[in-house]
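First residue of the sequence shown? That's 1 in UniProt numbering, and the numbers climb one at a time after it. For each residue, glycine too, the CB sits at the ideal point set by N, CA and C. From a predicted model like this one, the values you see are computed outputs, not experimental measurements.
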Amino acid sequence: MAPGDMVPEHAKQHKLKQEKEKLQSTTRPDGDSEPDGSFVFEAHEAWKDFHNSLRQFYELGELCDVTLKVGSRLIPCHKLVLACVIPYFRAMFLSEMSEAKQDLIEIKDFDGDAIHDLVRFAYSSRLTLTVDNVQPLLYAACILQVELVARACCEYMKAHFHPSNCLAVRTFAESHNRVDLMDMADRYACEHFREVVNCEDFMCVSPQHLRTLLSSSELNIHSETQVYNAAVKWLKANPQHHEAWLDQIMTQVRLPLLPVDFLTGTVAKEEMIKRNLSCRDLLDEARNYHLHLSNKMVPDFEYSVRTTPRKHTAGVLFCVGGRGGSGDPFRSIECYSISKNSWFFGPEMNSRRRHVGVISVGGERWRDEKGERRDGE
1 MAPGDMVPEH
11 AKQHKLKQEK
21 EKLQSTTRPD
31 GDSEPDGSFV
41 FEAHEAWKDF
51 HNSLRQFYEL
61 GELCDVTLKV
71 GSRLIPCHKL
81 VLACVIPYFR
91 AMFLSEMSEA
101 KQDLIEIKDF
111 DGDAIHDLVR
121 FAYSSRLTLT
131 VDNVQPLLYA
141 ACILQVELVA
151 RACCEYMKAH
161 FHPSNCLAVR
171 TFAESHNRVD
181 LMDMADRYAC
191 EHFREVVNCE
201 DFMCVSPQHL
211 RTLLSSSELN
221 IHSETQVYNA
231 AVKWLKANPQ
241 HHEAWLDQIM
251 TQVRLPLLPV
261 DFLTGTVAKE
271 EMIKRNLSCR
281 DLLDEARNYH
291 LHLSNKMVPD
301 FEYSVRTTPR
311 KHTAGVLFCV
321 GGRGGSGDPF
331 RSIECYSISK
341 NSWFFGPEMN
351 SRRRHVGVIS
361 VGGERWRDEK
371 GERRDGE
């Protein structure tokens with residue numbers, strides 16, 4: 001007689017129930033039990049093996065069903081993988097195009113290395129960006145609609161902005177309709193305007209782009225004379241644009257904000273301004289603005305965008321000392337940047353003060369000792 005035959009029936013049923021519960025408890029984390037007792041098993045980590053296998057097939061050239069030809073370069077790969085990652089190929093392979101049925105597909109007007117890098121990205125989700133490959137990669141990613149790679153290229157280029165290259169990057173971005181990168185480049189050029197003006201690329205910028213730059217209230221300048229000098233510098237280097245663009249470029253310079261002596265001694269004597277009727281009207285507007293400030297009667301005078309200072313010329317607002325709810329004075333100095341719309345702390349004073357009078361002379365801040373109150377006084 002077998003040992004199992006000696007076990008009572010109720011004990012057998014209890015043992016089977018325990019084994020069933022044990023099986024359910026060990027498998028439940030990876031799946032869901034159904035009401036009918038069936039079990040759904042999910043191998044959550046299996047996709048990694050699947051991904052690795054696809055990459056190995058590609059690297060070994062196994063089971064490939066299509067070859068991309070870019071110039072003299074041949075890239076064997078798999079239609080399914082290309083269709084999953086690159087929308088351009090998805091549309092091609094799912095269409096009635098002749099290429100959908102071809103084993104060899106020629107791609108013209110692309111950099112071979114860029115296409116090879118994109119194909120490798122389709123298999124590995126990894127990409128190495130350098131200053132040498134980022135532009136051809138961005139071009140290929142835009143045309144083939146690989147938005148993840150395009151955004152990565154834009155962020156890489158943003159991280160490598162320099163006054164000497166930001167204008168060229170902006171032109172490149174415009175040619176590929178990358179509005180996000182265009183905006184990044186414009187913001188950088190405005191922030192580093194004084195350095196950008198002294199770079200070679202500034203002379204080659206398009207009149208449309210120059211007009212956009214000079215119109216910005218975000219230009220990082222000390223005075224409007226820097227904007228005027230930049231405009232005149234570009235205009236003298238590009239006389240072919242005078243007829244169509246002279247007045248449009250000068251309209252972006254806020255002549256009313258120039259010092260009176262600079263207006264009369266420099267601007268009014270500039271020949272290309274003297275010869276242009278619209279520019280002479282702009283000069284008259286600037287003169288009327290200064291007359292208005294000196295309380296002279298100026299008929300029909302109106303403020304305009306050209307009489308509005310740019311943000312960086314507005315400086316910083318200082319909140320010095322003061323007191324809190326307890327009545328105790330502060331020694332802190334809080335500063336508000338108008339250009340950045342943000343607060344930051346300046347260096348603390350040596351003593352706690354409130355009711356402090358402060359003036360700025362030649363860039364230095366001075367406190368009015370007669371108006372201050374020290375802690376304990």
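Assuming contact is defined by CB atoms lying nearer than 8 Å, are residue i and residue j in contact in what I supplied?
{"i": "Leu137", "j": "Tyr88", "result": "no"}
{"i": "Ala189", "j": "Met182", "result": "no"}
{"i": "Arg187", "j": "Cys154", "result": "no"}
{"i": "Ile249", "j": "Thr313", "result": "no"}
{"i": "Cys199", "j": "Ser164", "result": "yes"}
{"i": "His78", "j": "Phe110", "result": "no"}
{"i": "Val197", "j": "Ala230", "result": "yes"}
Count the other C-beta atoms from every protein chain shown that fall within 10 angstroms of the C-beta of residue i, then say buried if there are 16 or more, exposed otherwise.
{"i": "Leu210", "result": "buried"}
{"i": "Gly71", "result": "exposed"}
{"i": "Thr308", "result": "exposed"}
{"i": "Gly37", "result": "exposed"}
{"i": "Lys311", "result": "buried"}
{"i": "Met97", "result": "exposed"}
{"i": "Phe41", "result": "exposed"}
{"i": "Ser25", "result": "Confidence at Ser25 is low in this model, with a pLDDT of 46, below 50, so its placement is unreliable and the value that follows should be read with caution. Looking at its Cβ environment, which holds fewer than 16 other Cβ atoms inside 10 Å, Ser25 is exposed."}
{"i": "Pro329", "result": "buried"}
{"i": "Glu45", "result": "exposed"}
{"i": "Arg126", "result": "exposed"}
{"i": "Val227", "result": "buried"}
{"i": "Gly324", "result": "exposed"}
Would you list the residues sitting across from residue i in a DSSP beta bridge?
{"i": "Leu283", "result": "Note: Leu283 sits in no beta bridge, so no partner."}
{"i": "Ser342", "result": "Ser337"}
{"i": "Thr67", "result": "Pro76, Leu104"}
{"i": "Cys142", "result": "In DSSP, Cys142 forms no bridge with anything."}
{"i": "Pro259", "result": "DSSP output for Pro259 lists no bridge partner at all."}
{"i": "Arg90", "result": "Per DSSP, none; premise fails for Arg90."}
{"i": "Phe172", "result": "Paired residue(s): none; Phe172 is not in a bridge."}
{"i": "Cys319", "result": "Glu334"}
Roughly how far, in whole angstroms, is the beta-carbon of residue i from the beta-carbon of residue j, given that I think they are within contact range, below 8 Å?
{"i": "His116", "j": "Ile75", "result": "6 Å"}
{"i": "Glu270", "j": "Val232", "result": "7 Å"}
{"i": "Asp132", "j": "Ala168", "result": "Not a contact, Cβ separation roughly 15 Å."}
{"i": "Leu214", "j": "Val253", "result": "6 Å"}
{"i": "Phe318", "j": "Ile338", "result": "Going by Cβ atoms, the distance from Phe318 to Ile338 rounds to 12 Å, so no, they are not a contact pair."}
{"i": "Leu246", "j": "Ala286", "result": "Actually they are not in contact, since the Cβ atoms of Leu246 and Ala286 sit about 17 Å apart, beyond 8 Å."}
{"i": "Arg90", "j": "Ala83", "result": "4 Å"}
Quick one: what's got a C-beta closer than 6 Å to residue i's C-beta in the same chain, skipping five residues either side?
{"i": "Lys158", "result": "Met184"}
{"i": "Ile119", "result": "According to the sequence shown, residue 119 is Val rather than Ile. Excluding residues within five positions, the ones whose Cβ falls inside 6 Å are Ile75, Cys77."}
Which residues in the same chain as residue i place their Cβ atom closer than 7 Å to its Cβ, once the five residues preceding and following it in sequence are excluded?
{"i": "Glu106", "result": "Lys69"}
{"i": "Leu282", "result": "Met250, Thr251, Leu255"}
Whose C-beta lies closer than 8 Å to the C-beta of residue i among residues of the same chain, with five residues either side of it excluded?
{"i": "Glu377", "result": "Bear in mind that the predicted position of Glu377 carries a pLDDT of just 32, short of 50, making it unreliable; the figure below should be weighed with that in mind. Excluding positions up to five away in sequence, the list is empty."}
{"i": "Cys204", "result": "Leu167"}
{"i": "Val81", "result": "Leu54, Tyr58, Ala122, Tyr123"}
{"i": "Ala150", "result": "Leu138, Ala141, Cys142, Arg178"}
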